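Numbering-wise (the numbering used here), the sequence shown opens with residue 1 and increments by one.
Before any comments, here is the structure.
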Amino acid sequence: MFWLPLLLLAWAATGLSCGRLCLAASRAADQEGTAVRGHQLTLYEAAFLSGGPSRVADVTLVAMARARRLLIAHTGWATVVDPVGRDDMERSVLGAIGPGGQSRIAPIRRGAAAADAVRALADGLVAAGLAVPGSAGAGVAAAVRQVRAATVAVLALGAVGVLMPTQERAAAGQVPVAIWFALPLLLCVGCLVIARVEVHPYTRWASPAGQRLLGALSTGGDPLTAVAVRGVRAVPDPGLRAAFSHRFRPDAAQGGH
Numbered sequence: 001m002f003w004l005p006l007l008l009l010a011w012a013a014t015g016l017s018c019g020r021l022c023l024a025a026s027r028a029a030d031q032e033g034t035a036v037r038g039h040q041l042t043l044y045e046a047a048f049l050s051g052g053p054s055r056v057a058d059v060t061l062v063a064m065a066r067a068r069r070l071l072i073a074h075t076g077w078a079t080v081v082d083p084v085g086r087d088d089m090e091r092s093v094l095g096a097i098g099p100g101g102q103s104r105i106a107p108i109r110r111g112a113a114a115a116d117a118v119r120a121l122a123d124g125l126v127a128a129g130l131a132v133p134g135s136a137g138a139g140v141a142a143a144v145r146q147v148r149a150a151t152v153a154v155l156a157l158g159a160v161g162v163l164m165p166t167q168e169r170a171a172a173g174q175v176p177v178a179i180w181f182a183l184p185l186l187l188c189v190g191c192l193v194i195a196r197v198e199v200h201p202y203t204r205w206a207s208p209a210g211q212r213l214l215g216a217l218s219t220g221g222d223p224l225t226a227v228a229v230r231g232v233r234a235v236p237d238p239g240l241r242a243a244f245s246h247r248f249r250p251d252a253a254q255g256g257h
């Protein structure tokens with residue numbers, strides 16, 4: 001009976017991990033149930049659900065450049081032409097550029113992505129059930145990893161329990177030790193299978209309801225919608241694409257236009 005403490009440990013690991021997975025899946029299902037039906041995504045909402053705050057900044061920059069209210073050079077510098085923003089996102093971009101009216105794209109993106117306007121947009125999408133709260137997707141993924149770890153632990157504890165040197169062979173009619181460890185193992189495997197089938201996959205930003213709305217968007221006729229969904233690689237102007245390619249280059253700080 002020296003294997004009984006090992007069996008208790010196996011059940012403890014199984015119960016804690018499977019319970020956490022059920023709780024995380026329940027919270028995710030509650031958020032899915034609160035999703036607003038018939039919601040029409042705005043350009044900024046589509047950008048956030050596809051690529052987060054930085055994508056919103058990119059779309060705003062591209063829209064202002066296409067409207068000739070912002071001059072973006074292929075060297076990665078932006079110059080203000082019209083200092084009046086038409087909405088909160090544009091005002092955030094202008095604020096990130098600063099009073100000098102000129103800045104590199106990288107700090108503009110960082111400043112605009114961290115602005116109150118983007119946070120308000122994110123909060124609204126989370127409240128509508130279209131965006132992932134900070135802990136939802138991560139909580140489900142972490143719970144699944146914990147159940148996987150518990151499965152390995154049960155296997156290891158079961159192997160130790162069966163192979164213990166002091167373990168006597170099961171008498172006739174007595175349940176083998178391996179069967180006792182098979183029960184928590186089956187529970188772990190069953191939870192993983194159910195999670196694989198039932199728990200919706202989450203992207204970093206969009207909930208399943210948000211993903212469905214993104215999938216229904218048509219990007220063929222509107223270049224800005226294409227940028228919102230696919231990023232700056234969808235910009236049709238090669239000079240503008242070149243400007244955004246400078247955003248991660250350290251030597252861009254030495255250039256101007």
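In this text, a Cβ means the ideal position worked out from N, Cα and C, and glycines have one as well.
These numbers come from a predicted model, not from an experiment.
What are the boundary residues of the beta strand (DSSP E) that T225 is part of?
Run containing T225: none in the beta strand (DSSP E); it sits in the alpha helix (DSSP H), 223-230.
Could you pull the DSSP bridge partners for R104 from this structure?
W77
Could you tell me the boundaries of the alpha helix (DSSP H) in which L213 lies?
208-215
Distance check for L185 and V154, CA to CA, integer angstroms please.
6 angstroms
Nearest candidate by alpha-carbon position, reference A63, set F244, D123, P223, A112
P223
Go ahead and label R104 buried or exposed: buried means 16 or more other beta carbons lie within 10 angstroms of its beta carbon, across all protein chains shown.
buried
CA-CA distance, I179 and G190?
16 angstroms
What are the start and end residues of the alpha helix (DSSP H) that includes L41?
For L41, there is no enclosing alpha helix (DSSP H), since its DSSP letter is neither H nor E.
Is A159 near S50, with beta carbons less than 8 angstroms apart?
no
Check whether the segment 86-96 touches the segment 144-153, counting contact only when three or more Cβ pairs, one atom from each stretch, lie closer than 8 angstroms.
no
Note down, in chain order, each residue of its chain lying with its Cβ closer than 6 angstroms to the Cβ of V56, except the 5 sequence neighbours on either side.
Y44, A47, F48, V118
Since S92 and A65 are thought to touch, with beta carbons under 8 angstroms apart, how far apart are those beta carbons, to the nearest angstrom?
Contact doesn't hold; Cβ gap of about 16 angstroms is too wide.
Check this for me: beta carbons of A131 and G210, under 8 angstroms apart or not?
yes
Roughly how many angstroms lie between the CA atoms of T75 and H39, to the nearest whole one?
Whole-angstrom Cα-Cα distance: 39 angstroms.
By Cβ distance below 8 angstroms, which residues in the same chain neighbour L192 in space, the five residues on each side in sequence not counted?
So the qualifying residues of the chain are V144, V147, R148, T151.
For L70, name the three-state secondary structure that DSSP assigns.
strand
I need the straight-line Cα distance from Q102 to L70, nearest angstrom please.
10 angstroms
Give me the residue from W77, T219, A13 with the minimum Cα distance to A106.
W77
Classify A150 as helix, strand or coil using the three-state DSSP reduction.
helix
Proximal residues to D58 (C-beta, below 6 angstroms), its chain only, five neighbours per side dropped
V232
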